[in-house]
Amino acid sequence: MPKDNTNDTAAKSGVQVIKFADPANDWHDYGDMPGDRTPGNPIGQHASVWKSDDGRVTVGLWRRDADFGDLLGTGQCFDFVIEGDVTVTDQHGRAHVANSGDLLIYNEEDEGSWEQPGPIRKIFIHVRD
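According to full-length UniProt numbering, the sequence shown is numbered sequentially starting from 1.
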């Protein structure tokens, strides 16, 4: 297997590899969200790892313990679940289950609930108009 030259080449080529566990990630607490119905409001954390020049696209990492609340998003949302699972129940009562390795797509106009029985780690992409 080739040597990982991520840190050596990123500045020269523009190619980046973002590692979830990298201590250089700038994690921010994300708690007390509107619609959060989890007792004790466990704090989630997010780290934005890339933004477009015009600020419309954000790519980031997300981690949080078990959670139940309203489905919340900004713009068009793409959540790639790395670890854990989540059930989103839409406004029509249909359950949509995303497990590790799945992509969940929704937008800020979608209404419903978000329920994850345990910890989750995901990569998110938010696209705003």
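Note that the Cβ used here is the ideal one computed from N, Cα and C, for glycine as well.
Just so it is clear, the structure is predicted and the values come from calculations on it, not from any experiment.
Taken through DSSP and simplified to helix, strand or coil, F68 comes out as strand. About 14 Å separates the beta carbon of I123 from that of V86, a gap too long to meet the 8 Å contact definition. Ranked by Cα distance from F78, the first of L103, K51, H92 and G93 is L103.
Judged by DSSP in its simplified three-state form, S100 adopts coil rather than helix or strand. When DSSP reads this structure, E83 sits in a beta bridge with R121. Following the DSSP letters along the chain, one finds A47 inside the beta strand (DSSP E) bounded by residues G44 to K51.
Between the C-alpha atoms of A98 and G14 there is a straight-line separation of about 32 Å.
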